[in-house]
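Residue numbers (the working numbering): 10 to 254.
Just so you know, even glycine gets a beta-carbon here, dropped at the ideal spot from N, CA and C.
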């Protein structure tokens with residue numbers, strides 16, 4: 010019953026987010042601030058992880074395709090498919106759930122503990138719209154970060170293949186172009202938008218409805234990361250089955 014209650018409160022929270030909007034001049038500045046903190050502030054770790062993940066995928070693929078009858082271009086093909094379909098949208102989202110999700114939960118939880126949210130509600134402000142809506146809009150920029158992760162991941166694979174001696178540059182690039190389907194990129198971006206909404210709202214739920222002091226803020230951040238990751242993995246399975254199955 011506790012899980013059902015939590016699910017119900019979550020959907021009620023999402024509904025309340027879009028009611029009684031805050032004035033646009035105030036909301037605009039908050040959206041720009043959230044884009045800077047949630048998206049641009051995460052690009053460094055996204056690029057770093059994507060580069061080395063792409064390299065590792067290439068090396069693992071090359072080591073398992075050691076037959077002389079298999080063309081080296083398959084290394085580039087496997088790297089492209091792995092990075093675009095899974096590693097860029099899903100693995101990056103798990104990282105963002107830890108970095109961005111914990112930040113969202115702790116920031117809103119701290120406002121709850123210090124009674125700042127109560128002060129907003131006393132002033133007649135829709136605190137959910139004021140706090141959560143800018144994060145949702147900011148996370149709609151998340152596909153931009155995933156697109157960079159795709160590019161950097163494939164670049165990391167190319168560097169590992171060429172400088173590691175696993176495949177010539179021409180063969181790797183030939184594999185990148187082999188049987189390319191543009192829908193795979195569309196599929197990845199659709200997943201990314203769904204994950205972005207989850208990353209913005211689930212940690213906000215745990216921060217907004219938490220009770221206690223500073224210790225509970227830390228516990229809420231950990232709980233939000235776990236549940237955000239679980240939901241992302243479940244939705245990844247469902248979306249893959251619906252769009253590619």
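In this structure residue 64 is in contact with residue 166, their Cβ atoms being roughly 6 angstroms apart against a cut-off of 8 angstroms.
Between residue 56 and residue 157, the beta carbon gap of about 7 angstroms places them in contact (Cβ cut-off 8 angstroms). One thing to note: residue 229 has its Cβ within 7 angstroms of the Cβ of residue 118. In this structure, the alpha-carbon of residue 114 lies about 10 angstroms from that of residue 218. Residue 196 is positioned such that its CB atom lies closer than 7 angstroms to that of residue 252.
Exposure of residue 53 is indicated by the presence of fewer than 16 other C-beta atoms within 10 angstroms of its C-beta. Residue nearest to residue 249 within the set 199, 68, 122 and 33 is 199 (criterion: CA-CA distance). Residues of the same chain with a CB within less than 6 angstroms of the CB of residue 85, apart from the 5 flanking positions on each side, are 181, 184 and 185 in chain order. In the DSSP annotation of this structure, the continuous segment of the alpha helix (DSSP H) that includes residue 212 starts and ends at 191 to 217. Under the DSSP assignment, residue 252 falls in the alpha helix (DSSP H) whose first and last residues are 223 to 253. Here the C-alpha atom of residue 36 lies approximately 42 angstroms from the C-alpha atom of residue 66. The alpha-carbon of residue 105 is positioned some 30 angstroms away from that of residue 172. Take residue 150, set aside five residues on each side of it, and the residues of its chain with a beta-carbon closer than 6 angstroms to its own are 44 and 48, in chain order.
For residue 14, the secondary structure class from DSSP, reduced to helix, strand or coil, is helix.
Sixteen is the threshold: when 16 or more other Cβ atoms of the shown chains lie within 10 Å of the Cβ of residue 236, as they do, the residue is buried. Segment contact: the region 123 to 131 against the region 17 to 25, fewer than three CB-CB distances shorter than 8 angstroms; contact not assigned. Taking all protein chains in view, the Cβ of residue 76 is surrounded by fewer than 16 other Cβ atoms within 10 Å, so the residue is classified as exposed.
Residue 151: member of the alpha helix (DSSP H) spanning 151 to 172, first to last residue. Apart from the 5 residues on each side of it in sequence, residue 240 sits with its Cβ closer than 8 angstroms to the Cβ of 207 and 211 in its chain, given in chain order.
Rounded to the nearest angstrom, the gap between the Cα atoms of residue 72 and residue 144 is 42 angstroms. Where residue 85 is concerned, the enclosing alpha helix (DSSP H) starts and stops at 82 to 91.
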